[in-house]
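**Q** Everything in the sequence shown is counted per the working numbering, starting at 775 for the first residue and increasing by one. Shown below is the structure under consideration.
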Amino acid sequence: MREELRVAAYAVCVRDGHLLLARWVSPDGREKRWTLPGGGMEHGEDPYDTVVREATEETGYTITPTTLLGIDTRRHHHPRRLGAAVDFQALRIVYEAHITGGDLRHETNGSTDLAAWHPLDEIPALDRVDLVDAALGLWRERPENGHLQPPVSA
């Protein structure tokens with residue numbers, strides 16, 4: 775089984791009781807779910823710079839990360855029809871951030887197709903990725919160790 779690690783950085787931007795989200799679109803276009811602005815780090819890039827770059831790409835806004843909220847990890851095993859199965863681990867660095875410039879716009883030719891502000895109390899009704907709930911938990915609880923629960927060793 776092939777092992778794969780993806781390191782990414784995301785922003786929790788809350789303004790006037792609304793959360794900024796971008797709608798992720800699967801590569802085949804059949805699946806669409808709301809996620810936080812952010813994405814994968816490029817080699818040699820700092821996570822802070824990653825979240826600033828990705829938020830601008832996906833939402834049009836310039837952001838300033840103000841607080842490192844924590845780290846969320848998820849592990850999935852993906853069987854493959856062709857080739858080896860993949861043991862995939864996502865390491866997601868979550869920042870609180872504030873909008874400091876730009877205008878809301880949708881990404882074109884990227885991994886998201888919409889950007890929008892959603893009332894916090896309506897988030898549970900959205901079709902969303904698990905990262906949204908994990909990041910909101912970090913934002914609300916602000917655990918000292920940066921984890922909502924003790925990390926589990928593989």
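Glycine included, every Cβ here is placed at the ideal spot set by N, Cα and C.
1. Can you tell me whether methionine 815 is buried or exposed, with buried defined as 16 or more other CB within 10 angstroms of its CB?
2. Which partner residues of aspartate 823 appear in the DSSP bridge assignment?
3. With a 10 Å radius around its C-beta and 16 neighbouring C-beta atoms as the bar for buried, classify leucine 810 as buried or exposed.
4. May I have the straight-line CA-CA distance separating serine 885 from leucine 905, to the nearest angstrom?
5. What would DSSP say about alanine 928, mapped onto helix, strand or coil?
6. Is arginine 797 near the ligand GTP, with its Cβ less than 6 Å from a heavy atom?
7. Count the other C-beta atoms from every protein chain shown that fall within 10 angstroms of the C-beta of glycine 875, then say buried if there are 16 or more, exposed otherwise.
8. For leucine 910, does the three-state DSSP call read helix, strand or coil?
9. Which residues in the same chain as lysine 806 place their Cβ atom closer than 6 Å to its Cβ, once the five residues preceding and following it in sequence are excluded?
10. Give me the Cα-Cα distance between leucine 842 and alanine 871, rounded to the nearest whole angstrom.
11. So, for proline 917: in the same chain, excluding its five sequence neighbours on each side, which residues have a beta-carbon less than 8 Å away from its beta-carbon?
12. Specify the secondary structure class of alanine 829 as computed by DSSP and reduced to three states.
13. Just how far apart, CA to CA, sit aspartate 903 and tryptophan 808?
14. Which residues bound the beta strand (DSSP E) around histidine 851?
**A** In short:
1. buried
2. Paired residue(s): none; aspartate 823 is not in a bridge.
3. buried
4. 16 Å
5. Residue placement at alanine 928 is poorly supported in this model, since its pLDDT is 42, which falls under 50; the coordinates still yield a value, given next. In this structure, alanine 928 counts as coil in the three-state DSSP scheme.
6. Looking for the ligand GTP in the displayed structure turns up nothing, as the structure carries no ligands at all.
7. exposed
8. helix
9. Arg797 and Val799
10. 9 Å
11. Gly844
12. helix
13. Looking at the sequence provided, one finds valine at residue 903 rather than aspartate. C-alpha separation (whole angstroms): 6 Å.
14. 835–852
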